[in-house]
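Accompanying notes for the structure given below.
Protein chains: 2
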Amino acid sequence: MKLKDLALQLGLSQTTVSRALNGFPEVSEATRRRVAESAKRFGYHPNPSARRLATGRAGAIGAVLPTDRNLLVDPHYVEFLAGVGERLSVDEIDIVLSPSRGDETETYRRLATGTRVDAVIISSPAVADPRVALLSELGLPFILHGRTESSAPHAWLDIDNEGAFGHATKHLVDLGHRRIALINGSSNFTYARHREKGFREALAGAGLACDEQLIGDGQMTDETGFRLASRFLTLEPQPTAFLVSSMMMALGTFRALRTAGLELGRDISMIAHDDVFPFLNPDRMVPPISTTRSPIRDAGTRVAELVLDLVGGRRPEDVHELWPVELVVRGSTGPVPA
Amino acid sequence: MKLKDLALQLGLSQTTVSRALNGFPEVSEATRRRVAESAKRFGYHPNPSARRLATGRAGAIGAVLPTDRNLLVDPHYVEFLAGVGERLSVDEIDIVLSPSRGDETETYRRLATGTRVDAVIISSPAVADPRVALLSELGLPFILHGRTESSAPHAWLDIDNEGAFGHATKHLVDLGHRRIALINGSSNFTYARHREKGFREALAGAGLACDEQLIGDGQMTDETGFRLASRFLTLEPQPTAFLVSSMMMALGTFRALRTAGLELGRDISMIAHDDVFPFLNPDRMVPPISTTRSPIRDAGTRVAELVLDLVGGRRPEDVHELWPVELVVRGSTGPVPA
DNA sequence: CGACCGTTTCAAAGCGCTTTGGAAGTTATC
DNA sequence: GATAACTTCCAAAGCGCTTTGAAACGGTCG
Numbered sequence: 000m001k002l003k004d005l006a007l008q009l010g011l012s013q014t015t016v017s018r019a020l021n022g023f024p025e026v027s028e029a030t031r032r033r034v035a036e037s038a039k040r041f042g043y044h045p046n047p048s049a050r051r052l053a054t055g056r057a058g059a060i061g062a063v064l065p066t067d068r069n070l071l072v073d074p075h076y077v078e079f080l081a082g083v084g085e086r087l088s089v090d091e092i093d094i095v096l097s098p099s100r101g102d103e104t105e106t107y108r109r110l111a112t113g114t115r116v117d118a119v120i121i122s123s124p125a126v127a128d129p130r131v132a133l134l135s136e137l138g139l140p141f142i143l144h145g146r147t148e149s150s151a152p153h154a155w156l157d158i159d160n161e162g163a164f165g166h167a168t169k170h171l172v173d174l175g176h177r178r179i180a181l182i183n184g185s186s187n188f189t190y191a192r193h194r195e196k197g198f199r200e201a202l203a204g205a206g207l208a209c210d211e212q213l214i215g216d217g218q219m220t221d222e223t224g225f226r227l228a229s230r231f232l233t234l235e236p237q238p239t240a241f242l243v244s245s246m247m248m249a250l251g252t253f254r255a256l257r258t259a260g261l262e263l264g265r266d267i268s269m270i271a272h273d274d275v276f277p278f279l280n281p282d283r284m285v286p287p288i289s290t291t292r293s294p295i296r297d298a299g300t301r302v303a304e305l306v307l308d309l310v311g312g313r314r315p316e317d318v319h320e321l322w323p324v325e326l327v328v329r330g331s332t333g334p335v336p337a
Numbered sequence: 000m001k002l003k004d005l006a007l008q009l010g011l012s013q014t015t016v017s018r019a020l021n022g023f024p025e026v027s028e029a030t031r032r033r034v035a036e037s038a039k040r041f042g043y044h045p046n047p048s049a050r051r052l053a054t055g056r057a058g059a060i061g062a063v064l065p066t067d068r069n070l071l072v073d074p075h076y077v078e079f080l081a082g083v084g085e086r087l088s089v090d091e092i093d094i095v096l097s098p099s100r101g102d103e104t105e106t107y108r109r110l111a112t113g114t115r116v117d118a119v120i121i122s123s124p125a126v127a128d129p130r131v132a133l134l135s136e137l138g139l140p141f142i143l144h145g146r147t148e149s150s151a152p153h154a155w156l157d158i159d160n161e162g163a164f165g166h167a168t169k170h171l172v173d174l175g176h177r178r179i180a181l182i183n184g185s186s187n188f189t190y191a192r193h194r195e196k197g198f199r200e201a202l203a204g205a206g207l208a209c210d211e212q213l214i215g216d217g218q219m220t221d222e223t224g225f226r227l228a229s230r231f232l233t234l235e236p237q238p239t240a241f242l243v244s245s246m247m248m249a250l251g252t253f254r255a256l257r258t259a260g261l262e263l264g265r266d267i268s269m270i271a272h273d274d275v276f277p278f279l280n281p282d283r284m285v286p287p288i289s290t291t292r293s294p295i296r297d298a299g300t301r302v303a304e305l306v307l308d309l310v311g312g313r314r315p316e317d318v319h320e321l322w323p324v325e326l327v328v329r330g331s332t333g334p335v336p337a
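Chains as they are written, first to last, in numbering that gives the first Met the number 0: chain A, 0 to 337; chain B, 0 to 337.
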């Protein structure tokens, strides 16, 4: 079933049908409804290739998957992509995945010269991320999920990691905690830097010194959480609270606490950052975990929205969003034990 | 630069140029060279949308990413996709990623009704995987990486997991081991079943009983490896060898051995399955790990090749490949200590 | 030398959609 | 009742490629 057939069925011209389906204003509400209903009834789906050829748009957004550093390859990225996909599928836009081994530059270049994607999304930026300069130079529209230092104007969306960890720290301090440990993501990523900054400044703001021994980072896995938490627990005096960069790490931290015979929420406090995974609910744990909460899937959805704006002609320098992060206090935080 | 321009430049018709570039036989070698060179010099890239419209092919292969069970989301899958991408990019075919939450059925249906992909690749099948029947019914070409029980004829490529673990077990038995532990992937996956089968049958073939306590499974992570190995080491008598389903798990197993004060290759033996990751080389470990080796990236490349065949009209029932798996003996296996 | 054949090239017709530039049809205005 | 001003619809021209059917060309053969 193609447009022509549908138009014939309806006794309308292709133009009108096309316009009706694409929401142009010059079609009466009545015909629009008639067309929409008929399209559904006949199971009409416009041919993406034809539409792409006619509009000159690829109808696809690119994502590069670096396969030799396995950093992106974690639940966070996939959850993020899920959000992106949710939004893009509404407009029948594809996510085109380009696995890249070794030189990412080459992959981006290929994407830019071909007419295969209208824009790309880049994630998990390092503090100084070369991709921003590269893509600006190539002229391929893109949006950054996160932030990086770069003179080139570019679109980005990020959550307020600094504020989140600042508030969380302040909350713990208010509960009387003085020795707070930070279990962070790898420090070459911007978000980890921001979190550390928020942490340090909140401590400083409360007039507390920061014990460098109580700061650690690594890949955001259960394993890293366990390892770092175990190490911190051997220190004298022990920390009374943990600030943890991901729920995965929180699980490991939890294990370490149990192993050390400590009870969370009574003997020791913890706040973890929650990106909100369908398979990991801090509310259902025992005790429920206090979190700084920001669904990464929502970020994906919004990033998709913005990238579509970009493709539509919005200027990258006008696209900046910094999302506040909510602090959700649950059972895992309590006053310092006497 | 489009085809027309290039043809004009060369003083040829579009037809000839198109044919020259696409390797049709009716173009003389001389013109073909001339065209190819000119195309490169002017940086000509055919517009994928136009080509797709003209050929009626989507020029893309689909992959569904289930986002609520995070099983696929592991380095294995990404490494596999990298292989797929490597092959597909040669023919300028895209990987279109469809994240799917909840009902995958819906996602496949969408893919099938639209003209967005020519075929899909499905991975990590369960023993009875509903996707095979679904896709057969929908008429969307697909290939399975792995195997499953299904009456519907379908294309698949798999490695000989049974043979691999059979050989590995036999090797350990030949070295004198009598108590061998199996650390396996989740048992609802076919490959895990096959591995267990190979293990059991090799033991039986050697006239050895299989201690059910020495069999464990879980997600293929370092963590699971550590947990299972630790548990097995508490048994009396201790196992003298471990058969491990992934290098990730092998790392965890290794940690457990160290924690228990055992030296790998002397006090205890281990063979792990190696899917060959760029960031994980069993040869560089101390001691080097004996493995059953089968690069999953290569499988991806071949699967891509086969899926292209399928799109080209090859019958699914003719596409079955079972790859033998190499046993690489290194320092982690040795005779049973006296 | 003309008929015949294989090679090499071409013009033109799509592929299924969007979009431009008008043409009808309808209502309001004088 | 004619003119203007909308509203609603249409025919036709692309988008950049592939592919069909045929023509031009050079060489071979009777």
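For glycine and all other residues, C-beta sits at the position ideal for the given N, C-alpha and C.
Item	Value
If you count every other CB in all the chains shown that lies within 10 Å of the CB of B/P236, and 16 or more means buried, which is it?	exposed
Closer than 9 Å, CB to CB, is A/P140 near chain B or not?	no
Any idea what DSSP makes of B/E262, helix, strand or coil?	coil
For A/V327, decide whether its Cβ has a neighbour in chain B, counting only Cβ atoms nearer than 9 Å.	no
Quick one: any contact between the segment 291-302 of chain B and the segment 44-53 of chain B, if contact means 3 or more CB pairs under 8 Å?	no
How long is the line joining the alpha carbons of A/E325 and A/H272, rounded to whole angstroms?	10 Å
The beta strand (DSSP E) spanning B/T291 covers which residue range?	S289 to R292
For my contact list, B/S99 and B/G61 are in at a C-beta cut-off of 8 Å; report their separation, rounded to the angstrom.	In fact, because the Cβ distance is near 11 Å, the residues do not count as touching under 8 Å.
Rounded to a whole number of angstroms, what is the C-alpha to C-alpha distance between B/T252 and A/A208?	40 Å
Using a Cβ-Cβ cut-off of 6 Å (strictly less than) and excluding sequence neighbours within five positions of B/F164, which residues of its own chain qualify?	R194, G197 and F198
Can you name the residues of chain B whose CB is closer than 8 Å to the CB of A/N46?	L52 and T114
Determine whether the Cβ of B/I94 lies closer than 9 Å to any Cβ atom of chain A.	yes
Could you check what DSSP says for A/M284 in three-state terms: helix, strand or coil?	coil
So, is A/A29 buried or exposed, given that buried needs 16 or more other C-beta atoms within 10 angstroms?	exposed
Hey, how far is the Cα of B/E262 from the Cα of A/I94?	47 Å
So the beta strand (DSSP E) B/P277 belongs to, where does it begin and stop?	Here B/P277 belongs to no beta strand (DSSP E), and DSSP marks it neither H nor E.
Leaving aside the five residues before and after B/K39 along the sequence, list all residues of the same chain whose C-beta is less than 6 Å from its C-beta, in chain order.	none
Measuring alpha carbon to alpha carbon, tell me which of B/L174, B/R178 and B/A201 ends up nearest B/H166.	B/A201
At 3 residues or longer, what runs of the beta strand (DSSP E) sit wholly inside the segment 110-156 of chain B?	118-122 and 141-144
Can you give me, in chain order, the residues of the segment 14-39 of chain A that have a beta carbon less than 9 Å from any beta carbon in chain B?	none
On the three-pair Cβ rule with 8 Å, is the segment 301-311 of chain B touching the segment 273-289 of chain B?	no
Leaving out five residues on either side along the sequence, give the residues of the same chain with a beta carbon under 6 Å from the beta carbon of A/I158.	S293, W322 and V324
Determine the extent of the alpha helix (DSSP H) in which A/P65 is found, giving its start and end residues.	No alpha helix (DSSP H) contains A/P65, which is instead part of the beta strand (DSSP E) from A59 to P65.
State the CB to CB distance for the pair B/L110 and B/L133, rounded to an integer number of angstroms; the pair is presumed to be in contact (CB under 8 Å).	Not confirmed; about 11 Å, so no contact.
Who are the neighbours of B/E222 on chain A, taking C-beta pairs under 7 Å?	D221 and E222
Using a Cβ cut-off of 9 Å (strictly closer), state whether A/G58 contacts chain B.	yes
Cβ closer than 9 Å: which chain A residues qualify as neighbours of B/L80?	L64, T66, L96 and P98
Answer yes or no: do B/F241 and B/M269 have a C-beta to C-beta separation smaller than 9 Å?	yes
Could you say which of A/E136, A/V243 and A/D282 lies nearest to A/N160 if we only look at CA atoms?	A/V243
Please compile the residues from chain B whose C-beta is within a distance smaller than 7 Å of the C-beta of A/A49.	L52
Provide the residue span of the alpha helix (DSSP H) that contains A/S99, from first to last.	No alpha helix (DSSP H) contains A/S99, which is instead part of the beta strand (DSSP E) from D93 to S99.
Should B/N183 and B/G215 be called a contact, given that it needs their Cβ atoms to be closer than 9 Å?	yes
Could you check the C-alpha separation between A/R31 and A/P47 for me, to the nearest Å?	21 Å
In the segment 190-217 of chain B, which residues sit with their C-beta less than 9 Å from some C-beta in chain A, listed in chain order?	none
Please check if any C-beta of chain B sits within less than 9 Å of the C-beta of A/R109.	yes
Output needed for A/L70: all residues of its chain with C-beta closer than 6 Å, excluding positions within five of it in sequence on either side, in chain order.	Confidence in A/L70 is poor, its pLDDT being 49 and thus under 50, which makes the residue's placement unreliable; the coordinate value appears in the next sentence. Around A/L70: no qualifying Cβ.
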